[in-house]
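To keep things clear, I will list the structure first and then write my remarks on it.
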Amino acid sequence: MSVGMIDTSRIEAMVAQLKTAAARANPASDNPLQAKEAAGAVNFQSALKSSIDQVNKVQLQAQDMAQRFEMGDTSVSLSDAMLSLQKSTIAFQQTVQVRNKLVQAYQEIMNMGV
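Under this note's numbering, think of the first position of the sequence shown as 1, with each following residue one higher.
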């Protein structure tokens, strides 16, 4: 069938060629289970949890260093304690900013018309 000057059979043939080429380039995309295995064990949930755990670890270390300095531990200097507290603050602020961006993206998606 021809629509104006465009032959739809040629378009359909081209789409079929593109799908075939894509399937050859990424054979795991045919089966979602294989695609997940091919992508590896890293997914959004595990990456997010890992990041939050890392921030928590930095905060606990900073708290520990500050406590040790307050108790008079001579192995911890004031500069070490302050540096660890600043690292903790920056890591937490970064996490909050990522959360804000995720919430903003979610709200934009929810406000999209269907």
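Yeah, the Cβ is synthetic: ideal placement off N, Cα and C, and Gly gets one too.
In this structure the stretch 97-108 does not lie against the stretch 66-86, because fewer than three pairs of beta carbons, one per stretch, are closer than 8 Å.
Under the three-state reduction of DSSP, Asn100 is assigned to helix. Excluding its 5 nearest sequence neighbours in each direction, Ser88 has C-beta neighbours in its own chain below 7 Å: Val58, Gln59, Ala62, listed in chain order.
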